[in-house]
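In the working numbering, the protein residues as written are 1 to 141. Backbone N, C-alpha and C fix where the C-beta goes; we use that ideal spot for every residue, glycine too. Please read all numbers here as calculations on a predicted model, not as lab measurements. The structure under discussion appears below in the form of structure tokens.
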């Protein structure tokens, strides 16, 4: 997969895990790990009613660079799409996929990729709580 073929996108549309899986799948891979991060209804003991994700204008460039780096380092195809805008409980916030000949590589590389996206891509999460308060969190997934 060339860098131009790499699926690494920030989107304001609902995410499709099948699209991300297809971007990495191939006959040489016996394992495809797809991670989906969903909006949950709680955080640290507080009821969450919804989230809003905001991204830096260059967030997609950061995401593309991280995906390209992980793909080059691991030798495995990777893909990631992160959602921005308002999300409700159960909506997908991020979808990541990694394919490998065997499952151990796919799992570990997927975990690494998700961690790097969470810590390095400039996306901010605003949690809206059931009590009407909100909190900004510098997080991506």
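Euclidean distance between Cα positions of residue i and residue j
i, j, result
"residue 69", "residue 56", "20 Å"
"residue 105", "residue 132", "43 Å"
"residue 88", "residue 94", "13 Å"
"residue 42", "residue 31", "32 Å"
"residue 21", "residue 76", "13 Å"
"residue 135", "residue 126", "5 Å"
"residue 35", "residue 118", "13 Å"
"residue 90", "residue 73", "33 Å"
"residue 122", "residue 27", "34 Å"
8 Å Cβ cutoff met for residue i and residue j
i, j, result
"residue 50", "residue 128", "yes"
"residue 92", "residue 38", "yes"
"residue 85", "residue 52", "yes"
"residue 100", "residue 29", "yes"
Own chain partners of residue i with C-beta closer than 7 Å, once the 5 adjacent residues on each side are dropped
i, result
"residue 148", "Here the chain has residues from 1 to 141 only, and residue 148 is not among them."
"residue 15", "81, 83, 92, 95"
Close Cβ partners of residue i (< 6 Å) along its chain, the five nearest in sequence each way excluded
i, result
"residue 7", "23, 79"
For residue i: DSSP bridge partner residues
i, result
"residue 188", "Absent from the structure is residue 188, since the part of the chain shown begins at 1 and ends at 141."
"residue 37", "94"
Bounding residues of the alpha helix (DSSP H) (the contiguous stretch that carries residue i)
i, result
"residue 61", "59-74"
"residue 117", "103-120"
"residue 23", "17-24"
Neighbourhood of residue i by C-beta, 8 Å cutoff - its chain only, sequence neighbours within 5 removed
i, result
"residue 137", "124, 125, 126, 127"
Where the beta strand (DSSP E) containing residue i begins and where it ends
i, result
"residue 135", "134-137"
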